[in-house]
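The block underneath contains the structure these notes are about, expressed in structure tokens.
Numbering (the numbering used here), first residue to last: 2 to 244.
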């Protein structure tokens, strides 16, 4: 008897679980019906009223006139040929045109630009960044410039520039002279490229000897250094002497 009672209690528990599941399903069904009704009401509200047509969403495109339509531009080369026409076999045999000797087509003139269609707005070119002009590198010697008006061409002249501990290597020495005297070189851009020789003074390596092709250019460097040496910073104490 005990086993039968336990079996009955288990069946009753299963029935109670089924009742709870049934109530849960009924609640879910009511929720789905309510959501479907809300969606249907929203769809009905979004429909236009009877007898009215929906307005256009965008401006109608003006049709192109036949005369304004761009004609196909003839081009050259095998890649510019159109699609290969499909020939339908005929029962009348070869035509008279096929028996003619082949004549090479005369080259055509370059096609003209097709007319622009209605409503076409050409793209406005945007100016790119300005490209700076190339400046001569200080390490590259340049030919001496032409003499300025009123400046007589005479014999080469040497200017001693120092006193500072210069490098012995010619390339480094040239770079040092350009850096220290840049206040004068910037004032007269043609002076530094006109230097034909740059060495150290034999008896005193704290002076560099700058050889100019003319005494006028040498005096121009001396005057430019005396006038603009204040902008040279720590190198303003350097002296120049015309030999």
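Yeah, the Cβ is synthetic: ideal placement off N, Cα and C, and Gly gets one too.
| Asked | Found |
| --- | --- |
| Tell me whether residue 196 is buried or exposed, calling it buried when 16 or more other Cβ atoms sit within 10 Å of its Cβ. | buried |
| In this structure, does DSSP put residue 244 in helix, strand or coil? | coil |
| Is it right to say residue 234 is buried, meaning 16 or more other beta carbons lie within 10 angstroms of its own, or is it exposed? | exposed |
| If we ignore side chains and look at the alpha-carbon of each, how far apart do residue 6 and residue 21 end up? | 23 angstroms |
| Under the three-state reduction of DSSP, which class applies to residue 209: helix, strand or coil? | strand |
| Just grab the DSSP bridge partners of residue 199 for me. | 211 |
| So what's residue 236 in DSSP terms, helix, strand or just coil? | helix |
| Straight-line CA distance for residue 184 to residue 177? | 13 angstroms |
| Hey, could you find the ends of the beta strand (DSSP E) residue 162 is sitting in? | 158-163 |
| Look up residue 48 in the DSSP assignment and say whether it is helix, strand or coil. | coil |
| CB residue 207 to CB residue 164, shorter than 9 angstroms? | yes |
| Buried or exposed: where does residue 42 fall if 16 or more other Cβ atoms within 10 Å of its Cβ makes it buried? | exposed |
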